[in-house]
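Residues in the sequence shown are numbered consecutively from 0, following numbering that gives the first Met the number 0.
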Amino acid sequence: MNVEGVISGGESESLELKRSLSEWRGIIETVSAFSNTKGGIIVVGVDDNKNLVGVDIGKGTIEDITNKILNNTEPKIYPEIKIAEGDGKRLIIIKVEEYPFDVVLAFGRPFKRVGRNTVRISKDEYKRRILEIHKKEIYFDGQPLTEARINEIDEEKLREFVKKAREVRKLDVEEKESVRNILKKLKLLKGNALTNAAILLFGREPERIFNQIGIKCVRFKGMDVSNEMLDFKEIEGTLFTEVEEVEKFIFSNISLRAWIEDGKIRREERWEYPPKAIREALVNAIVHRDYRTPSKVQIRIFDDRVEFWNPGRLPEGWTVETLKEEHTSEPFNPLVARMFFWIGYIEEIGTGTNKMIKWCKEWGLPEPDFQVRSGSIVITFRKSKLTDEYLEKLGLNEHEKEIIQLIKEKKKITSYDVQRKYGVSRDTANRWLNRLIGLNLVERVGRGRTTYYILRER
0 MNVEGVISGG ESESLELKRS LSEWRGIIET VSAFSNTKGG IIVVGVDDNK
50 NLVGVDIGKG TIEDITNKIL NNTEPKIYPE IKIAEGDGKR LIIIKVEEYP
100 FDVVLAFGRP FKRVGRNTVR ISKDEYKRRI LEIHKKEIYF DGQPLTEARI
150 NEIDEEKLRE FVKKAREVRK LDVEEKESVR NILKKLKLLK GNALTNAAIL
200 LFGREPERIF NQIGIKCVRF KGMDVSNEML DFKEIEGTLF TEVEEVEKFI
250 FSNISLRAWI EDGKIRREER WEYPPKAIRE ALVNAIVHRD YRTPSKVQIR
300 IFDDRVEFWN PGRLPEGWTV ETLKEEHTSE PFNPLVARMF FWIGYIEEIG
350 TGTNKMIKWC KEWGLPEPDF QVRSGSIVIT FRKSKLTDEY LEKLGLNEHE
400 KEIIQLIKEK KKITSYDVQR KYGVSRDTAN RWLNRLIGLN LVERVGRGRT
450 TYYILRER
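Listed below in structure tokens is the structure:
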């Protein structure tokens with residue numbers, strides 16, 4: 000920094016000159032004033048005539064003034080403090096960013112900058128400023144976390160994210176840039192303070208600051224929460240880590256069916272729920288949850304369904320029916336959503352719930368159920384109602400149950416498919432299919448050679 004150039008115009012709305020650190024109370028009042036105005040720079044080691052007189056800087060000098068600022072401002076302000084030289088003299092440069100989220104107090108009193116002067120904010124103006132700030136909707140993920148330091152960011156995870164985002168979405172950030180520059184370009188800093196999103200996404204121990212971010216995963220026996228828990232895990236870590244670990248839990252607690260089709264060598268595999276829909280619901284719960292509440296996201300797995308419990312509410316004016324229609328994207332945590340977008344986990348056009356519906360239908364499953372229950376948004380994926388237990392009750396034989404399963408896998412079949420699979424005549428195949436039609440399980444579509452069979456919507 001060219002100190003002489005900076006101070007040449009004298010004190011102003013954004014520049015304060017102090018002779019020495021003995022004026023530390025005035026320095027802290029000016030920190031409050033700059034925070035409540037448009038930011039500014041304090042240069043220590045300059046007299047009233049703009050002469051450089053220098054500062055005696057010992058081993059603990061910078062730490063001492065830093066602590067004095069932290070201990071006497073509310074909310075705590077972390078200015079950027081550097082040592083500079085000019086005309087052979089050592090100076091201290093204190094750079095203060097505007098703090099738009101609250102009125103910053105020094106020694107319990109608010110200050111502002113008027114021209115070259117630091118002045119007290121009146122009680123009436125203080126009340127007005129507080130009201131104006133609170134009228135604005137401030138997203139949780141964008142709020143500054145003033146007690147967190149830059150070394151709490153996991154540098155390796157941050158750089159891995161940048162590498163992936165460059166590959167997936169052509170993110171215009173270099174992996175080799177400094178951690179601070181990367182965070183700044185990702186808009187994860189407010190002034191010099193880390194945002195909540197920065198810690199949620201890239202913190203070394205985000206759960207130390209945010210107890211509520213863990214995800215509770217439970218596999219219940221049967222179909223009721225009052226039954227025994229067969230598996231339980233509470234997963235913590237960054238939001239990206241949670242996605243990976245929760246997916247592992249889910250897929251270790253649902254079934255994977257494998258088979259080899261007639262005339263083929265390669266084995267076919269199929270999860271009982273569409274993996275893409277599971278991922279979408281999980282990411283939806285993490286990105287859109289209300290992190291202000293102490294409740295945690297819950298994943299509940301039963302014999303007949305999987306439930307995603309997301310603490311929060313729908314946007315103003317929305318109902319669960321809105322989720323089934325075309326709608327805009329209105330994330331409660333836009334910074335978090337943006338980071339998930341950069342690595343391809345989500346789109347930004349409000350298509351997530353519509354895709355879940357589409358994927359479940361393609362899988363031969365009922366549409367997912369969307370509800371608002373007990374302060375949470377709940378998404379439920381259900382197995383096909385044509386379960387083995389249900390088919391047993393209808394008295395289906397093994398061939399008929401296998402035909403139902405065949406239609407689930409292929410979406411539609413012909414009479415010839417049945418003849419070839421079981422080596423039976425056309426009359427026998429048609430008799431089996433007609434019985435399933437009579438039980439209201441299967442529907443015939445088309446006529447003559449174009450005839451095929453599908454499962455009846457239930």
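Cβ atoms here follow ideal geometry from the backbone N, Cα and C, with glycine treated the same way.
Give me the residue from the options with the minimum Cα distance to residue i.
| i | options | result |
| --- | --- | --- |
| residue 86 | 79, 117, 50 and 177 | 50 |
| residue 60 | 291, 283, 91 and 72 | 91 |
| residue 443 | 421, 406 and 420 | 406 |
| residue 383 | 160, 212 and 455 | 455 |
| residue 115 | 363, 209, 122 and 10 | 10 |
| residue 153 | 315, 409, 446 and 177 | 177 |
| residue 322 | 355, 41 and 78 | 355 |
| residue 374 | 289, 169 and 226 | 289 |
| residue 41 | 169, 118, 7 and 80 | 80 |
Starting from the C-beta of residue i, find all residues in its chain whose C-beta is less than 8 Å away, skip the five residues before and the five after it, and write them out in chain order.
| i | result |
| --- | --- |
| residue 413 | 450, 451 and 452 |
| residue 281 | 242, 245, 246, 249, 298 and 307 |
| residue 106 | 24, 27, 28 and 71 |
| residue 398 | 421 and 431 |
Who are residue i's beta bridge partners in DSSP?
| i | result |
| --- | --- |
| residue 451 | 444 |
| residue 194 | 143 |
| residue 216 | 232 and 298 |
| residue 308 | 297 and 377 |
| residue 331 | Note: residue 331 sits in no beta bridge, so no partner. |
| residue 109 | 104 |
One question on the structure: do residue i and residue j come within less than 8 Å of each other, judged by their Cβ atoms?
| i | j | result |
| --- | --- | --- |
| residue 246 | residue 278 | yes |
| residue 201 | residue 237 | yes |
| residue 359 | residue 339 | no |
| residue 35 | residue 109 | yes |
| residue 311 | residue 376 | yes |
| residue 345 | residue 164 | no |
| residue 46 | residue 18 | yes |
| residue 440 | residue 403 | yes |
| residue 329 | residue 353 | no |
| residue 113 | residue 31 | no |
| residue 57 | residue 88 | no |
| residue 181 | residue 161 | yes |
| residue 272 | residue 305 | yes |
| residue 214 | residue 206 | no |
| residue 435 | residue 371 | no |
| residue 396 | residue 351 | no |
| residue 172 | residue 189 | no |
Run through DSSP, which three-state label would residue i get?
| i | result |
| --- | --- |
| residue 266 | coil |
| residue 426 | helix |
| residue 58 | coil |
| residue 4 | helix |
| residue 172 | coil |
| residue 73 | strand |
| residue 90 | strand |
Any beta carbon from chain D within less than 8 Å of residue i's own beta carbon?
| i | result |
| --- | --- |
| residue 452 | In the structure shown, chain D does not exist; there is a single protein chain. |
Going along the chain, which residues of its own chain have a beta-carbon closer than 6 Å to the beta-carbon of residue i, five neighbours each way excluded?
| i | result |
| --- | --- |
| residue 221 | 302 |
| residue 368 | 379 |
Skipping 5 residues on each side, what residues in its chain have a beta carbon closer than 7 Å to that of residue i?
| i | result |
| --- | --- |
| residue 38 | 13, 95, 96 and 97 |
| residue 335 | 140, 196, 199, 200, 238 and 286 |
Does the beta carbon of residue i fall short of 7 Å from some heavy atom of the ligand SAM?
| i | result |
| --- | --- |
| residue 148 | What this structure holds is no ligand at all, so the ligand SAM is not there to describe. |
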